[in-house]
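In the numbering used here, the protein residues as written are 427 to 614.
Structure below.
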């Protein structure tokens, strides 16, 4: 378990490599995989994983899209749809597909549940897996990630903040910061 308060580009690059290797190992020689980044934190991560998996040495057939959970959140009354809204865009038929939901942080599991609800609104996949950059523990639903880049153990009053810079991965960071009382009560 990592216990640093800030992790930088080198640790994030290693975590991405670990995610890509795990996915490639499980899906080697299989059909095309739909990587769906959970808006908004999983979008850049899914894009980077897609590039890594499509390139050597893996050359895995992947399609990358976005899944928006805004209308499936159980706290939508307290947290309206964000200004940086990214609609669901699935680059293929969900029915019969192998889907990997991709998100930056796994905490309570409620975001994953909302993503599954949205996904099944679009069809019935053969298989759904979960890839996360950071697993911070603290599940409130019986969910686990299939692929994990990093595991951290923040204090109960800390929040994990991931920044993946789409233009400059050298500016990527994962920080553990104090969380306000509202963040703890409504954390997805």
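Backbone N, C-alpha and C define an ideal beta-carbon position, used for all residues, glycine too. Predicted, not measured: the structure shown is a model, and the values here were computed from it.
Opening and closing residue of the beta strand (DSSP E) in which residue i lies
i           : result
residue 526 : 524-532
residue 556 : 553-561
residue 573 : 573-577
residue 585 : 584-589
Length of the line joining the Cα atoms of residue i and residue j
i           : j           : result
residue 469 : residue 527 : 10 Å
residue 438 : residue 491 : 21 Å
residue 444 : residue 450 : 10 Å
residue 486 : residue 452 : 11 Å
residue 513 : residue 604 : 30 Å
residue 399 : residue 575 : Only positions 427 to 614 of the chain appear in the structure, and residue 399 is not among them; the question remains open.
residue 436 : residue 467 : 19 Å
residue 543 : residue 482 : 34 Å
residue 583 : residue 559 : 20 Å
residue 455 : residue 606 : 46 Å
residue 440 : residue 594 : 16 Å
residue 497 : residue 598 : 29 Å
Cut-off 7 Å between Cβ atoms - residues of its own chain near residue i, not counting five sequence neighbours on either side
i           : result
residue 464 : 493, 495, 527, 528, 529, 537 and 541
residue 565 : 534 and 535
residue 448 : 573
Beta-carbon proximity check, residue i vs residue j, cutoff 8 Å
i           : j           : result
residue 531 : residue 562 : yes
residue 587 : residue 601 : yes
residue 590 : residue 571 : no
residue 442 : residue 474 : yes
residue 554 : residue 545 : yes
Delimiting residues of the alpha helix (DSSP H) encompassing residue i
i           : result
residue 597 : Residue 597 -> no alpha helix (DSSP H), and no H or E assigned at all.
residue 520 : Residue 520 -> no alpha helix (DSSP H), and no H or E assigned at all.
residue 542 : 536-546
Same chain only: Cβ atoms within 8 Å of residue i, ignoring 5 sequence neighbours per side
i           : result
residue 489 : 458, 459, 460, 461, 476, 517 and 518
residue 548 : 514, 516 and 520
residue 580 : 562, 586 and 602
residue 552 : 522, 523 and 524
Cutoff 6 Å; reference residue i; Cβ partners in own chain excluding five residues on either side
i           : result
residue 399 : A query on residue 399 cannot be resolved here, the shown segment of the chain reaching from 427 to 614 and no further.
residue 433 : 600
residue 367 : Only positions 427 to 614 of the chain appear in this structure, which leaves residue 367 out of reach.
residue 431 : 602
residue 592 : 470
Unbroken beta strand (DSSP E) runs of length 3 or more, entirely within the region 442-494: which are they? 459-464 and 488-493
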